Amino acid sequence: MQADGRPARESCADHYLDGRAPEIQNPKLAPATRELCFSVFSVMHSGLTRTPLWSAEHLEAQEVADAQQLTRENSFHAEQRLPADQRAELADYARSGFDRGHMAPNGDMPDRESQRDSFSLANIVPQDGENNRHLWAGIEGVVRKMAKKEGDLYVVTGPAFLGSNLRKVGNVLVPTHLYKLVYSPRQKAGAAWFVENTADAKANVIPIPELERIIGINLLPALSEEEKGRMLKLPNIRQNNGDRRNS
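Okay, so the sequence shown: first residue is 762 according to the numbering used here, each after it adds one.
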């Protein structure tokens, strides 16, 4: 048990649908990957990009309620479990012009331990600041509302690195796009937002199989292609005013 009486999660498998982690299908993404387990989310970290390839959560209504009682305490830090030549450092982001964008959001974290975990740079990507504080914050807020309504959701969030004209901040690769997959066990349906990492990005909703083809990762291997194709209706996104603690 954790200090607040909630059962402890003991492995990464607790964060995945039916305990099955996403599977990398694009061989270019596979080298120097390492799974990291945190208390309420898991990360597949890439030593090539020095970012997560995904962050996975089993987001439950009670955790969302607990998270809403916490204030934000910034604690960005390098992930010491990663080799020094594969991890991001705070210096990589200094004066970069990009936000340090959470994949598993700080605003989902139900206690101080998990909140600090979310500030590990293993859970962070270089994100356009306007995108992070407005459109993306709106998406994160909607997902929390959905979790409270549905009871629980499986959420997988990550970057995409598309094309050959990629840039870096320090040693960290800047994603061209971001995605957030949401699957409802109650409705047995899912969908994903797929957005450009730009200030004027739109909240595009696509089926899970389409997202998987784009990024080269089987995000929900526990499901068949037919099951993945059952579309979950995602709410319209209102852009946030940027004063929340979630991103």
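Ideal placement from N, C-alpha and C gives every residue a C-beta, glycine not left out. Note that the structure is predicted; figures quoted are calculated from it, not measured.
- Distance from the Cα of residue 922 is smallest, within the candidate group 834, 978, 773 and 912, for 978.
- Within the region 798-842, the complete beta strand (DSSP E) runs of at least 3 residues fall at 803-807 and 812-821.
- For residue 861, the uninterrupted beta strand (DSSP E) segment begins and ends at 860-863.
- Shown here, residue 881 sits in a strand according to DSSP, grouped into three states.
- Judged by beta-carbon spacing, residue 916 lies within the 7 angstroms limit of residue 820, meaning their Cβ atoms are closer than that value.
- Shortest Cα-Cα distance from residue 849 to any of 932, 889 and 778 involves 932.
- In the DSSP assignment, residue 920 falls within the unbroken beta strand (DSSP E) covering 913-921.
- In this structure, DSSP gives residue 870 a state outside helix and strand, which the three-state scheme calls coil.
- Of 857, 924 and 903, the smallest CA-CA separation from residue 953 is found for 903.
- Assigned with DSSP and collapsed to three states, residue 939 falls in strand.
- Nearest in C-alpha terms to residue 882, of all of 871, 862 and 997, is 862.
- When beta bridges are read from the DSSP output, residue 976 appears opposite no residue.
- Judged by DSSP in its simplified three-state form, residue 795 adopts strand.
- Residues 877 and 880 of the same chain have their beta carbon placed closer than 7 angstroms to that of residue 836, with the five preceding and five following residues left out of the count.
- In this structure residue 943 does not touch residue 992 by the C-beta definition: roughly 11 angstroms separates them, more than the 8 angstroms allowed.
- Taking all protein chains in view, the Cβ of residue 989 is crowded by 16 or more other Cβ atoms within 10 Å, so the residue is classified as buried.
- Here residue 866 is buried. Its C-beta has 16 or more other C-beta atoms within 10 Å.
- By the Cβ neighbour-count rule, residue 845 is exposed, with fewer than 16 other Cβ atoms within 10 Å of its own.
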